[in-house]
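Q: Before I ask anything, let me first share the structure, which is written out below as structure tokens.
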Amino acid sequence: MSEETDMEAWPDKELVAQIDGLIDGQLDPEEQRRLENRLRDDPAAADYCAQRILFHSKLAQIIGPSRLELVQNRRLVIEGEGESRRVTIGHSHTAQIGGEGTPIGLPAPPRGPSRRDTALWVMLSALLLGLLLLAVLVFRQGAEKPAADGSAHPPRLTNSATPWHRRPETDDALKFWLQNMAWHQYGLDEMKAATGMDKDALAGALDRFQIDRRPHPVPAAGEPLFVLPYPGGRHPRIGLLEQAVNPQRDTKVSVFTPWDPTSYVVLDLPEAFLTRNFLYYLSHSDKPTIWSLQGIQLQPVEWERHENGTLTYERELPNGVAFGAEVDPRPAELRLKWWIRNDTPAPLREILVQNCVLLGRAKSFAAQTDDNKIFRGDYTACRSVDGRRWVISGWEKAYHHWALPECPCMHADPTIEVCQPGETVVLHGWFSFYEGGDLDAELERIDSLDWKKDR
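Per UniProt numbering, the very first residue in the sequence shown carries number 1; after that it's consecutive.
Written out as structure tokens, the structure reads:
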């Protein structure tokens, strides 16, 4: 086999599958033994492992040059005196991660019966196994795919945060975003923050397109809720801004209240999604993802607006995992979908999806408290200041209900048990405004609509 063919086959599918199985806790003992032997005996596999260690943020501060070293030594250990003397004859494994630091030694089972020795060996065996697991956990699942521009890898930058502003590339795009921001009641400073354009140029474009800051008309009876892609440039929170640095508009939509066209709720679909081991996506840049730890910048995506009024987006991650959302506006409600597609060779397990409902820009629901929120079943709801209206959000398979009163925001976050290779899993969601005093009856009515099924 030629050297060129060997390079194209690296890493081989068996190694990738074994690592992914270990990550997901699904590797059987025989496969685990084979993987351990491979890491010990195959320098290329060990090097491949070491190169991925920096993915783990907690290790990033202590690791020097990426390096995983396994050393086997024979040894004789004599400890203590008299009756407490212990003699251990065996061999040891030494593992060292990084270029510096103190190696961690592991004694093999003693060749003489001693409960204390056996307990020590079990404890230290678990320590080394945990160390090896940690090294493997920081692998990226699947091989990196070419970027959209055909380059070998996604862009790598010193600062991996996507820029706050996005300059419209065409007149049609400029007109859309200016009108969008005008309906959000933006001033020139916020428009500048969203577009990167100077205020004179913005004022001239507003005049040229004859756009003013009059609100969008309130929907008439029977018309769908008014929904827009969130334009960025203004933080969707009113509190805890330091915990959502540089929020991106990619996954956010604004849902305007049907009684006040200057108030809106922002849906982040999702704010984040993660598996047991990896934070795959975060819609702000204050916490590291598996991509930012490598200096990989995810390229911006925008919502696509369809003639039937729905909004959709799709994002493909560098390892072949893709996800997206659909927003379907209807009278007084939205039908939502969030989906994930797994084009990697290994299952994705325990996928946790944080879909955030940001309330701070809706005057009736902006109180920074949890006293106005209800968590029930697949739903979470927020009561208006006057007690006459509600915001209701729900997701099938909701596993975690929570809120941050300072934001304020609320969650009914869903989970996906497993997404197999080649599979697409879809979650259905609900959002609505309700005016009335019987929330229980309204939730029963919503349940009767079978919104968790495709129609």
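Even glycine gets a Cβ: it sits at the ideal position worked out from N, Cα and C.
1) Nearest-angstrom Cα distance between V265 and K453?
2) Looking at L174: is its Cβ nearer than 8 Å to the Cβ of A205?
3) Near Y399, what residues of its chain come up, given a Cβ to Cβ distance below 7 Å and the 5 sequence neighbours on each side ignored?
4) Hey, how far is the Cα of I19 from the Cα of A325?
5) At 3 residues or longer, and completely inside the region 200 to 272: list those beta strand (DSSP E) runs for me, N to C.
6) Roughly how many angstroms separate the alpha carbons of P229 and L15, rounded to a whole number?
7) For R214, tell me which candidate among V391, T262 and G320 has the shortest Cα-Cα distance.
8) Keeping to the same chain, check which residues put their C-beta closer than 7 Å to that of I351; ignore five residues upstream and five downstream.
9) Report the three-state DSSP secondary structure of T424 (helix, strand or coil).
10) Looking only at its own chain, which residues have a Cβ that is under 7 Å from the Cβ of P329, when we skip the five neighbours before and after it?
11) Mind checking which residues open and close the beta strand (DSSP E) that includes F323?
12) Helix, strand or coil for N342, going by three-state DSSP, please let me know.
13) Following the continuous beta strand (DSSP E) through F375, name the residue where it begins and the one where it ends.
14) For T380 and P29, I'd like the C-alpha separation in whole angstroms.
15) Can you tell me whether V136 is helix, strand or coil according to DSSP?
16) Between the alpha carbons of D198 and R167, how many angstroms are there, rounded?
17) On the premise that G422 lies in contact with P331, defined as a C-beta separation below 8 Å, what is that separation, rounded to the nearest angstrom?
18) Assign E271 to one of two classes, buried (16 or more other C-beta atoms within 10 Å of its C-beta) or exposed (fewer than that).
19) Using C-beta distances below 6 Å, list every residue in its chain close to L35, excluding the 5 sequence neighbours before and after it, in chain order.
20) Can you tell me which of the three DSSP states P414 falls into?
21) Check whether the region 242 to 256 and the region 280 to 298 are in contact - that is, three or more C-beta pairs closer than 8 Å.
22) Per the contact definition of three or more C-beta pairs closer than 8 Å, is the region 354 to 374 in contact with the region 383 to 391?
23) Do you know how far the Cα of G233 is from the Cα of K337?
A: This is what the structure holds:
1) For this step, residue 265 is matched to residue 265 along the sequence shown. For this step, residue 453 is matched to residue 453 along the sequence shown. One C-alpha to the other measures close to 25 Å.
2) For the purposes of this step, residue 174 is identified with residue 174 of the sequence shown, where counting begins at 1. For the purposes of this step, residue 205 is identified with residue 205 of the sequence shown, where counting begins at 1. With contacts defined as CB atoms closer than 8 Å, L174 and A205 qualify as a contacting pair.
3) Here residue 399 refers to the residue found at position 399 when the sequence shown is read from its first residue. Excluding positions up to five away in sequence, the list reads D413, P414 and T415.
4) As a working mapping, residue 19 is identified with position 19 in the sequence shown. As a working mapping, residue 325 is identified with position 325 in the sequence shown. Distance between the alpha carbons of I19 and A325 is about 30 Å.
5) Counting only runs of 3 or more, we get 227 to 229 and 252 to 256.
6) The sequence position of residue 229 within the sequence shown is 229, counting from 1. The sequence position of residue 15 within the sequence shown is 15, counting from 1. For P229 and L15, the gap between their C-alpha atoms comes out near 42 Å.
7) For this step, residue 214 is matched to residue 214 along the sequence shown. Ranking V391, T262 and G320 by Cα distance to R214 puts T262 first.
8) Translated into the one-based positions of the sequence shown, residue 351 becomes position 351. Residues F273, T275, I340, T415, I416 and C419 of the same chain have their beta carbon placed closer than 7 Å to that of I351, with the five preceding and five following residues left out of the count.
9) Here residue 424 refers to the residue found at position 424 when the sequence shown is read from its first residue. Three-state DSSP puts T424 in a strand.
10) By 1-based counting over the sequence shown, the position of residue 329 is 329. Here the set comprises P224, L225, V227 and G309.
11) Locating residue 323 in the sequence shown gives position 323, where the first residue counts as 1. Taken as a continuous stretch (DSSP letters only), the beta strand (DSSP E) holding F323 covers V321 to R330.
12) Along the sequence shown, one-based indexing puts residue 342 at 342. Taken through DSSP and simplified to helix, strand or coil, N342 comes out as strand.
13) Locating residue 375 in the sequence shown gives position 375, counting from the first residue. Unbroken beta strand (DSSP E) run through F375: K373 to R376.
14) Locating residue 380 in the sequence shown gives position 380, counting from the first residue. Locating residue 29 in the sequence shown gives position 29, counting from the first residue. So the alpha carbons of these two residues sit roughly 43 Å apart.
15) Start at 1 with the first residue of the sequence shown, and residue 136 comes out as number 136. Confidence is the limiting factor: at V136 the pLDDT is only 43, short of 50, which leaves the residue's position unreliable and the question unanswerable from this model.
16) Counted from its first residue, the sequence shown places residue 198 at position 198. Counted from its first residue, the sequence shown places residue 167 at position 167. Distance from the CA atom of D198 to the CA atom of R167, rounded to whole angstroms, is 11 Å.
17) The sequence position of residue 331 within the sequence shown is 331, counting from 1. The sequence position of residue 422 within the sequence shown is 422, counting from 1. Wrong, their Cβ atoms sit about 38 Å apart, outside the cutoff.
18) The residue labelled residue 271 in the question sits at position 271 within the sequence shown. In the assembly as shown, E271 is a buried residue. Its beta-carbon has 16 or more other beta-carbons within 10 Å.
19) As a working mapping, residue 35 is identified with position 35 in the sequence shown. The beta carbon of L35 sits closer than 6 Å to the beta carbons of Q18 from its chain, once the five residues preceding and following it are set aside; these are given in chain order.
20) Here residue 414 refers to the residue found at position 414 of the sequence shown. Here P414 sits in strand by DSSP.
21) They touch, by the three-pair rule.
22) Three or more Cβ pairs drawn from the region 383 to 391 and the region 354 to 374 lie within less than 8 Å of each other, which places the two stretches in contact.
23) Here residue 337 is taken as the residue at index 337 of the sequence shown, counted from 1. Here residue 233 is taken as the residue at index 233 of the sequence shown, counted from 1. So the two alpha carbons sit approximately 26 Å from each other.
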